[in-house]
Amino acid sequence: MNYCELAKHKNIIGVKDATGDAARPARLSNLIGDDFCQLSGDDATAFSYLASGGHGMISVVSN
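Heads up: the sequence shown begins at 3 in the numbering used here, then just goes up one per residue.
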């Protein structure tokens, strides 16, 4: 399944993205909308991810 398919599923509200691709939220927001939560799972790029439109993070270091 890709992000667009996941965003349409009624039981899925978002994803943890650990790819390190900080620009992904900006690229995908037009396709999946702002209601689908995109969370960074990569500590090194988390702040850039948020600046690009991400909704939050699930820190690897804090776990």
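Using N, Cα and C, we set each Cβ at its ideal position, and we do this for glycine too. These numbers come from a predicted model, not from an experiment.
Proximity below 9 Å, CB of residue i to CB of residue j
i, j, result
"L41", "D23", "no"
Range covered by the beta strand (DSSP E) that runs through residue i
i, result
"S42", "C39 to S42"
6 Å Cβ shell around residue i - same chain, five flanking residues per side excluded
i, result
"Y51", "A24 and S42"
Nearest to residue i (by Cα), restricted to the options the options
i, options, result
"D45", "I60, D37, G55 and R26", "I60"
"T47", "L33, I15, I14 and V62", "V62"
"I14", "G58, F38, N4 and R29", "F38"
"R26", "S54, G58 and M3", "S54"
Contacts around residue i, its chain only, beta-carbon distance under 7 Å, and the 5 residues preceding and following it disregarded
i, result
"L8", "I14 and V17"
Proximal residues to residue i (C-beta, below 8 Å), its chain only, five neighbours per side dropped
i, result
"Y5", "V17, L30, L33, I34 and F38"
Bridge-paired residues (DSSP) for residue i
i, result
"K12", "In the DSSP output, where bridge partners are listed per residue, K12 has none listed."
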